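Protein chains: 2
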Amino acid sequence: MDVAHAAGVSQATVSLVLSGKAAGRISETTAAEVRRCARELGYRPNAAARALRSGSASAVGLVVSDVTHPFFGRTLRGAQRAAWEAGHVVVLIDDAYGAAWGDGSVEALRDGAIDGFLFFAATPPASLQAPGSPPVVVVEARTERFPHVVLDVDAGTDQVLDHLEALGHRKIGYYRSAIAGETFDRRLARWTARLHALDVDPGAVAVGAGRFTAVEAIAGAHDLLDRLGDTTAVICDDDVLASGLSTAARERGIDVPGRLSIVGFDDLDLALYASPPLTTVKAVPEDLGAAAFEVLLARIQSDERPENRTIPVELVVRGSTGPAPDLARG
Amino acid sequence: MDVAHAAGVSQATVSLVLSGKAAGRISETTAAEVRRCARELGYRPNAAARALRSGSASAVGLVVSDVTHPFFGRTLRGAQRAAWEAGHVVVLIDDAYGAAWGDGSVEALRDGAIDGFLFFAATPPASLQAPGSPPVVVVEARTERFPHVVLDVDAGTDQVLDHLEALGHRKIGYYRSAIAGETFDRRLARWTARLHALDVDPGAVAVGAGRFTAVEAIAGAHDLLDRLGDTTAVICDDDVLASGLSTAARERGIDVPGRLSIVGFDDLDLALYASPPLTTVKAVPEDLGAAAFEVLLARIQSDERPENRTIPVELVVRGSTGPAPDLARG
DNA sequence: ATCGGTACGTCATACGTATGACCGTAGTAC
DNA sequence: GTACTACGGTCATACGTATGACGTACCGAT
């Protein structure tokens, strides 16, 4: 190694200094000289060698089902910031709803290149459950199998329904994601329970399902509007679906919120483009990402299962919700 | 190595078989047995060891300035698909407009963990220009320094202006990105040249600048609308800005396209949520990403500078553009 | 019998770092 | 003068794979 030669010390000393383990073993004078030489020669430690020898790559993977969804991007950002502070790196892998390269990338990186995985709305492949697999933390899905970090969707759903009920809405529909996900199931269940509490038959309100692209969100919204009946408000699994519903309503001349109130989820940028801007449940994906990384790091470092975490959410009231119309008179 | 033992061969043989270099050296019978044992034992090659020994990690990094922007997500997807077909992996790093962890991640991965980098709307750090640096390919910016892959924005701009001129527009404004970027500069220059050809003073039309978040895009759009004058159409650096302009116009009661025509760029999902849906220049980011990976791979494998590539674009006419109004009569 | 060639494998080493086991020197206590 | 400790640093090896340099056995041709 050049640096060792230039500084007149052994390679071991260089390694100790540069990896910050010099305390008590190497004098500060020598350490400073080593650092100076390293800088001058433009020395970069080889990540592969480091990972091979130490058994840790200081890198974790974030696997998402759809990198196209704005929520994931902000989550990645939060995770990267937290990781950076801990001396780690986060790399993102797009699963594209089960594409071959998603699992492929996981397989390619799992041994040696990555210390652990975060799965966000993507399903960990079975191979990651085998003993000896790298640690996994799941985001936005409650499961016994892995430690997880989730949004407090129960509170979010409750706040939405409180808000709508206060506005006089009783027939509250639901625009579901066509993507499977524990978090969606859970919200739907909560909504069903609340409707029962209101003594409203869930069968009497409009329900639809759509996917997170504009075309499909709008198409699904039209299906839902076909069966609108006397539903006066619809809560949506996310802002993409809500935007689609808003657009579809406009195409049909349905007044929002005069005739129909719409509530989204996530508080994406999208919520502000809609007209009127969407009432939605604000989540802070950066916090979710950061928390997810922290849990994964704890798992990596201690080998004992860390505690699950729940990130709070908050209702943001904008123009897309208003008092329930009196349909009997209209 | 267990597999070698189980199959009754040497570790070298296992390596040859599993890395596909067995042809002519190892009999098919033996190879099959090795593969069987490997499968049975759940053997996974160690990526770090492989990278260390072979000097190639079979992984490339895609660095983007803002992972939140939907365009990048689709680009990543295209790159990952192409990479997968070539036996590589693409990992995404969010630079977050120059955040510490962006450069940090690049530095951490550049030696040993990554074979090369794609920079998309993010600036390669100076350290990547030093001799001995990993290969770099730049996306959506023409530069002498690195091979690059770009959209045919000249053609796109021309198609937009042809379209607007055919509709009778002469005072055509511009909504610029506040983010620096060669591609934006180039489009602006083209627009200026075309206005001169029309004998229109660029100073006589509305120009604004905004960033790619809803709040800032809408705020910037209001600035632009304050100085609208008799501008009858505005072309935007991307669909996010166009959506912001559309929203701002609606807030002011400006009829689109009756009073003002709006043209976006990219054909994001966003374009469909706007009301009316945006006329825009359709780019296929998946193709861009795939091409970028291919160019990088060529660079990695051959050491000689590969040819630059240009990806075609296409105007998509929707509801946000219409005939120029007769402002003298209005 | 010898040689050349081919088919099939193995040997041994190197990749660049991290780290537990050492080792020398100087200082301190007795 | 001896024993012990603390300090500052080096040695040697291992991590798991890839690969150029070698064997070895067998076959056919001379």
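So the protein sequences, as listed, match chains W and Z.
Numbering-wise, the numbering used here puts 481 at position 283 of the first sequence, and it's gapless, one number per residue.
Numbering-wise, the numbering used here puts 392 at position 194 of the second sequence, and it's gapless, one number per residue.
Glycine included, every Cβ here is placed at the ideal spot set by N, Cα and C.
Just so we're clear, the structure is a prediction, and the values are computed from it rather than from any experiment.
Three or more Cβ pairs drawn from the region 258-268 of chain W and the region 297-317 of chain W lie within less than 8 Å of each other, which places the two stretches in contact. DSSP, read as helix, strand or coil, puts residue 396 (chain W) in coil. Residue state for residue 491 (chain W) is assigned as helix, using DSSP reduced to three classes. In terms of beta-carbon proximity, residue 327 (chain W) stays away from the interface with chain Z, with every pair separated by 8 Å or more.
Remark: fewer than three beta-carbon pairs, one from each stretch, lie closer than 8 Å, so the region 381-396 of chain W and the region 442-451 of chain W are not flagged as touching.
Spatial neighbours of residue 415 (chain Z) in its own chain (CB-CB distance under 6 Å, excluding positions within 5 residues in sequence) are listed in chain order as 408, 438, 439 and 442. DSSP, reduced to helix, strand and coil, places residue 351 (chain W) within a helical segment of the structure shown. With the rule of 3 Cβ pairs closer than 8 Å, the region 340-354 of chain Z does not count as touching the region 363-378 of chain Z. For residue 418 (chain W), the uninterrupted alpha helix (DSSP H) segment begins and ends at 412-424. The criterion of a C-beta distance shorter than 8 Å is satisfied by residue 242 (chain W) and residue 308 (chain Z).
In the displayed model, residue 228 (chain W) falls within a helix according to three-state DSSP. Only those residues of the region 247-260 of chain W whose C-beta falls short of 8 Å from the nearest C-beta of chain Z are listed: 247, 248, 249, 250, 255, 256, 257 and 259. Secondary structure within the region 311-365 of chain W: the alpha helix (DSSP H) runs of 4 or more consecutive residues, fully enclosed, are 351-364 (chain order). Apart from sequence neighbours up to five positions away, the residues of its chain that approach residue 353 (chain Z) with a beta-carbon distance below 8 Å are 510 and 511, ordered along the chain. Contact of residue 465 (chain Z) with chain W is not assigned, every C-beta pair being separated by 8 Å or more. Apart from the 5 residues on each side of it in sequence, residue 518 (chain W) sits with its Cβ closer than 6 Å to the Cβ of 454, 455, 460, 474, 476 and 477 in its chain, given in chain order. Closer than 8 Å to the CB of residue 307 (chain Z) there is at least one CB belonging to chain W. Between residue 255 (chain Z) and residue 247 (chain Z) the beta-carbon gap is near 11 Å, outside 8 Å, which marks them as no contact.
Within 10 angstroms of the beta-carbon of residue 286 (chain W) lie 16 or more other beta-carbons, which makes it buried. Assigned with DSSP and collapsed to three states, residue 303 (chain W) falls in helix. Separation of the CB atoms of residue 306 (chain W) and residue 245 (chain Z) is rounded to 7 Å, and the pair is thereby assigned contact status at 8 Å.
Contact annotation for residue 292 (chain W) against chain Z: 271, 274, 275, 278, 288 and 290 [CB-CB distance below 9 Å, chain order]. Taking a Cβ-Cβ threshold of 9 Å, none of the residues of chain Z is close to residue 402 (chain W); the smallest such distance is about 29 Å.
No Cβ of chain Z is located within less than 8 Å of the beta carbon of residue 213 (chain W).
DSSP, reduced to helix, strand and coil, places residue 500 (chain Z) within a helical segment of the structure shown. The beta-carbon separation of residue 271 (chain W) and residue 486 (chain W), rounded to 12 Å, does not stay under the 8 Å limit for a contact. Against chain W, the CB of residue 416 (chain Z) has a partner CB under 8 Å away; the residue lies at that interface. Distance between residue 406 (chain Z) and residue 382 (chain Z), taken at the CA atoms: about 13 Å.
When 9 Å is used as the limit between beta carbons, residue 445 (chain W) is near these residues of chain Z: 470, 471, 472, 473 and 475, in chain order. Between the region 280-294 of chain W and the region 221-239 of chain W, the count of Cβ pairs shorter than 8 Å is below three; the stretches do not touch.
The shortest CA-to-CA distance from residue 360 (chain W) to any of W:421, W:469 and W:431 is the one to W:431. Note that the C-beta distance between residue 264 (chain W) and residue 294 (chain W) is below 8 Å. Put simply, the backbone Cα of residue 340 (chain Z) is about 18 Å away from that of residue 464 (chain Z). Taking a beta-carbon distance threshold of 8 Å, residue 389 (chain W) does not count as an interface residue toward chain Z.
Here residue 202 (chain W) is near residue 211 (chain W), since their CB atoms are less than 8 Å apart. Residue 479 (chain Z) places its beta carbon less than 8 Å from that of residue 513 (chain Z).
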